Structures are given as C-alpha cells and as structure tokens.
Amino acid sequence: MPREGLGDEGPRPLVLRVCLAVERGRYLEPTLDRALARSRLAGPDRGLATRLAYGVFQRLFYLDHALAPWLRKPGALPPAVRWILRLGTYEKLFLRTPDHATVHQWVGIAKNRAPGHARLVNAVLRRVTHRPAPPWARASVPRFLFQHWAAFFGDAGFVEAFNQPPPLWVTAFPGAEEVLRAEGVDYRPGPVPGSLALFGGPLRTLAAYRRGLIQPQNPASLLAARLLSPRPGDRILDLAGGAGIKAAWLAAHGAEVISVDRDRRRQEEGRKNLARLGLRVRFITADLARGAPETAPKVLLDAPCTGTGTIRHHPELRYRLEPGDPERMQARQLALLEAAAGAVAPGGLLVYAVCSLTEAEGEGAIRGFLNRHPDFVPEPLAVDLPVLKQGLGVYLRPEAGLDGFYYAQLRRL
Ligand SMILES: C[S@@+](CC[C@H](N)C(=O)[O-])C[C@H]1O[C@@H](n2cnc3c(N)ncnc32)[C@H](O)[C@@H]1O
409 MPREGLGDEG PRPLVLRVCL AVERGRYLEP TLDRALARSR LAGPDRGLAT
459 RLAYGVFQRL FYLDHALAPW LRKPGALPPA VRWILRLGTY EKLFLRTPDH
509 ATVHQWVGIA KNRAPGHARL VNAVLRRVTH RPAPPWARAS VPRFLFQHWA
559 AFFGDAGFVE AFNQPPPLWV TAFPGAEEVL RAEGVDYRPG PVPGSLALFG
609 GPLRTLAAYR RGLIQPQNPA SLLAARLLSP RPGDRILDLA GGAGIKAAWL
659 AAHGAEVISV DRDRRRQEEG RKNLARLGLR VRFITADLAR GAPETAPKVL
709 LDAPCTGTGT IRHHPELRYR LEPGDPERMQ ARQLALLEAA AGAVAPGGLL
759 VYAVCSLTEA EGEGAIRGFL NRHPDFVPEP LAVDLPVLKQ GLGVYLRPEA
809 GLDGFYYAQL RRL
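Adding 408 to a residue's 1-based position in the sequence shown gives its number in our numbering.
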C-alpha cells in the first residue's frame, strides 16, 4: 500500500480518497486540507482538487439525479465506484475539462480501484447529461429543508449563492493592517468593520496570520460579537465560546471577558491564541446545561446549531441533516438560553446568535424563551447587511460570501 497522500497521486485519486473519508463521517475542509498538505500537488492541480471536492458536495443530489437513468441500483455499487461516477459527472457537467479527457481520467481510476466496474464507468460517463430536476435536487438541499426555506422565507432562491466561492475572510486584530501592508498583501475591508477580504496567501504563509493578527472568521460571525458594542471596562460573558475567537475580539476592544464552554481542548487552543496576542480572557470549562457560572451586564450566547447557514464552507453538512434536527437542536438551545438568562444582570443585554437559517433555531427558540421569560423583552436590531427576514430578530441573507445567521437581542427588565 502506498503511504497515504504521499507519492505522485494526482488530483482526482486524492479527491476520491477525500470523498470516501467524508462519507465515513469526516469533515470536508480539514480532510481536504490535510490531504493537500501531504501531497505534491501544485498550482492548477491543487485548484482542480479543490474545485472537484467542494463541487461534488455542492451538487451531490443533482449529480445523483443526473446519474439515475443510467444506473439500475446505485446503492448496491461499491462506494468508490459511486464516487468515481459522481466526480466524473461533476467534472463533465460543471468544469471545462474536455469530455473525452474527463471520461478517460475517471475510467483510468476505475481500472485501478474497481476493475470490474471500469466498463460501467465508461458507458455511464459517456452518456450522462444535464436533465430537468425538482427544485430541491437542483439546489442539492434535502427536500425538507428546501421546502422549509421556501415556506418560511417566501423563496429559497438564495440557496444558489451557497455554491459561489467566498473571499478569504479574516478578522483583523489591532496592528494587522500595518503588517499586511508591509507584507504587500492585497486586501479590502469586509462588510462588517474589523473584517477583511484577503487576496493573497495561502493564509498560513502570511506573517500577519502566524502572529495571530488575522484570524479566519466569516463577517457574519464577527457581527455576533459586534452586537455587544464592547467598550473599555465592559464585563462580558461569552457563553458557548469555543476557542474564544469572539472573546479575543471583545477583549481587543477593552472588555473584560469570561468565556465559558464545555470543550476544554478548544479552550486550550484559545488560551494560546490569546497569549500570542497579549490579550486576557478568563476561560471557564463548564456544562451550561447546569447553569452559567458567572453573571454580567452583557452576555453573548453563540449557540450550537445545525449549521444550515454555513453550507458554503461545509457543503457536506446538508447531507447529514434529517427532518426534525432543527427542532431537536432547539431543545438544546432553549436549555442554554435558560442558563444565559440566569447570567444576565438586571437591565443587561443578551445577544443570541446561531449560524443556522431555520425557524426552530431562530425565531422559534426566542419565542419559546420569551414565553417563559416575561422578564426579557426583544430589542430591535439594526443590521447593515442583506437580510432574509426580520421581525423577532434578524436572519442574514447568505450572499456575497456571508454565512447565513440569525441574531436576536434581548433586554432583561
Ligand atoms: C457554534 S459553537 C460556538 C463557537 C464560538 N462561539 C466561536 O465563535 O467560535 C458552539 C459551542 O457550544 C459549545 N457547547 C455546546 N453545548 C454546550 C454546553 N452544554 N455547555 C457548554 N458549551 C457547550 C460547543 O463546545 C461549541 O464550542
């Protein structure tokens, strides 16, 4: 067996390996990043591997729909053959490789991986074409989610924007721009103050990144922290704070921040990150289902969610969702909101955010919370970004590289 990822593996076999790992439960982004880091692929081959890997997951339901007329029992095929067919179909229908080269490449891989199926791969890839598909398959989103989006937002057309590649978004810490300029990196301000779009890289080669002065973060995620309007000396609780990237940004604006999460390992990463920036955040490892360990006048709850607003970066997530998942997640979010409520000082502010675009995890969760908490009132939110729906909170439209998010702001009486 060749050692994984080493040697002269081309972009297509590498992506096939990545797809099989993702099917077994891995996340696409880190799996692809690791495979590319260990490979000798360069320039256009790296670009092709990335386009194939993201593209096949962005279009998976549609690809299966296009393949359906040519396969009697797709579920009975060995996984490698199914992925060869999907990848070959994606390349043929969506990339500019000439058809004969696409077929030749994928048949060659089939001969290696599954010789008994090489003729089938050849026959199917020669014939497969675009064909009309129901809207959820065309958008490649689970039917229940597509129907929910169409009903709740009035139109699910925004979903196509999830298939456009985003800029490289980073959050800038004080001093970042001077270092970027000194390095000659091309960048422009993002749509949320403090966020930048970079045109350079790769990220890990930049001094500003190695020093922690720029950190990958979607502007929509940064906005959740900005809604707390941090001022020097503010005491802020960052609940479900993970590795504390929002906490770090709040601390960089002078706030005294306490970040609570149950994941000790992520908090350890956060501590190291804070140390290299010379910033201070107090981390507390605790399960919020048992209540919050501190109180403060400003509290952020960036709650765990189904992540339906992040399927641009994580296109594989959509295939892991089941009907009922948003409602199951809402039960967890309500438990964390209960802990957050107990942590807000009288007269204080609670900001709730999720990177998901479902009624259950957004308005539904907040409505459920307010029914039990007459001591909280919603405050209007002014968001200077494209909006999908607003009323009780705001749903951000996931366009121009922004993740889909829901935010609500509640005042404790
Ligand atoms: C959406 S992430 C938030 C990440 C973080 N705020 C950031 O900006 O990167 C949700 C976080 O909730 C944490 N979490 C989930 N359930 C929890 C619980 N019961 N108690 C504490 N933390 C919890 C997870 O460990 C995860 O870090």
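We put the CB at the ideal spot given by N, CA and C, even for glycine.
Fair warning: this is a prediction, and the values are worked out from it, not measured in the lab.
Neighbourhood of residue i by C-beta, 6 Å cutoff - its chain only, sequence neighbours within 5 removed
| i | result |
| --- | --- |
| alanine 697 | Ala743 |
| alanine 616 | Ala584, Val587, Leu588, Ile622 |
| alanine 633 | Lys654, Trp657, Leu658 |
| leucine 758 | Val707, Ala748, Val752, Leu818 |
| glycine 652 | Ser667, Gly678, Val689 |
| leucine 745 | Phe777 |
| proline 640 | Gly662 |
| tryptophan 544 | Arg551, Phe554 |
Whole-angstrom distance between residue j and residue i, CA atom to CA atom
| i | j | result |
| --- | --- | --- |
| aspartate 733 | cysteine 763 | 14 Å |
| leucine 428 | alanine 488 | 7 Å |
| proline 624 | phenylalanine 581 | 11 Å |
| histidine 556 | valine 430 | 26 Å |
| glycine 755 | arginine 820 | 5 Å |
| phenylalanine 607 | arginine 740 | 39 Å |
| leucine 687 | alanine 704 | 20 Å |
| leucine 798 | serine 629 | The sequence as given places glutamine at residue 798; leucine does not occur at that position. The straight-line gap from Cα to Cα measures roughly 18 Å. |
| lysine 481 | leucine 471 | 15 Å |
| phenylalanine 552 | threonine 505 | 34 Å |
| proline 523 | proline 486 | 12 Å |
| glutamate 664 | phenylalanine 465 | 41 Å |
| glutamine 738 | alanine 773 | 6 Å |
| aspartate 669 | tryptophan 514 | 45 Å |
| arginine 539 | alanine 474 | 6 Å |
| arginine 521 | leucine 493 | 13 Å |
| phenylalanine 469 | proline 573 | 19 Å |
| alanine 559 | glutamate 769 | 16 Å |
| arginine 674 | leucine 800 | 32 Å |
| alanine 700 | isoleucine 692 | 10 Å |
| valine 802 | asparagine 571 | 23 Å |
| glycine 413 | leucine 729 | Low confidence applies here, because glycine 413 scores a pLDDT of 42, under 50, leaving its location unreliable and the question unanswered by this model. |
| alanine 477 | alanine 509 | What sits at residue 477 in the sequence shown is proline, not alanine. Their Cα atoms are separated by approximately 23 Å. |
| proline 599 | aspartate 507 | 40 Å |
| proline 575 | leucine 796 | 21 Å |
| proline 782 | tyrosine 727 | 38 Å |
| aspartate 792 | leucine 682 | 29 Å |
| isoleucine 719 | glutamate 735 | 19 Å |
| glutamate 767 | asparagine 779 | 16 Å |
Residues that DSSP places opposite residue i in a beta bridge
| i | result |
| --- | --- |
| alanine 761 | Asp710, Tyr815 |
| valine 785 | Arg819 |
| leucine 493 | Looking at the DSSP assignment, leucine 493 forms no beta bridge with any residue, so it has no partner. |
| aspartate 669 | Thr693 |
| alanine 748 | DSSP lists no partner for alanine 748. |
| tryptophan 514 | DSSP output for tryptophan 514 lists no bridge partner at all. |
| arginine 596 | Ala605 |
| glutamine 623 | Thr579 |
| tyrosine 803 | Lys797, Tyr814 |
| aspartate 416 | Looking at the DSSP assignment, aspartate 416 forms no beta bridge with any residue, so it has no partner. |
| alanine 704 | Val752 |
| leucine 647 | Val668, Leu709 |
Neighbourhood of residue i by C-beta distance below 8 Å, restricted to the same chain and skipping five residues each side
| i | result |
| --- | --- |
| alanine 461 | Val423, Val426, Cys427, Leu436, Leu440 |
| glutamate 787 | Leu757, Gln817, Leu818, Arg819 |
| aspartate 695 | Arg670 |
| glutamate 702 | Leu645, Ile666, Val668, Ile692, Ala751 |
When the options are compared against residue i, the one with the closest alpha-carbon
| i | options | result |
| --- | --- | --- |
| phenylalanine 561 | Arg819, Leu804, Asp792 | Leu804 |
| leucine 685 | Arg619, Leu636, Thr718, Val665 | Arg619 |
| leucine 789 | Gly717, Leu631, Glu702, Gly652 | Leu631 |
| leucine 611 | Pro597, Pro601, Thr579 | Thr579 |
| glycine 455 | His473, Gly418, Gln466, Gly433 | Gly418 |
| glycine 433 | Glu724, Val791, Arg736 | Glu724 |
| valine 785 | Val791, Asp792, Tyr760 | Tyr760 |
| aspartate 594 | Leu614, Pro601, Gly602 | Leu614 |
| proline 438 | His512, His721, Gly463, Arg643 | His721 |
Close beta carbons around residue i, own chain, < 7 Å, minus the five adjacent residues each side
| i | result |
| --- | --- |
| arginine 411 | Its pLDDT being 40, under 50, arginine 411 is placed unreliably in this model, and the value from its coordinates should be taken loosely. The answer is none, since no qualifying residue turns up. |
| glycine 717 | Cys763, Ser764, Leu765, Pro806, Asp811, Gly812, Phe813 |
| asparagine 626 | Trp577, Leu810, Asp811 |
| arginine 731 | As written in the sequence, residue 731 is proline, which differs from the arginine given in the question. These residues qualify, in order along the chain: Phe552. |
| lysine 519 | Ala526 |
| proline 597 | Leu604 |
| proline 421 | Ile517 |
| alanine 457 | Pro419, Leu422, Val423, Leu444, Leu449 |
| tryptophan 491 | Leu424, Cys427, Leu428 |
| glutamate 591 | Leu614, Ala615, Ala616 |
Determine contact between the region 641-653 and the region 707-717, defined as no fewer than three beta-carbon pairs at a distance below 8 Å. yes
Check whether the region 564-573 and the region 793-811 are in contact - that is, three or more C-beta pairs closer than 8 Å. yes
May I ask you to verify whether the region 493-505 touches the region 523-536, counting CB pairs closer than 8 Å and requiring at least 3? yes
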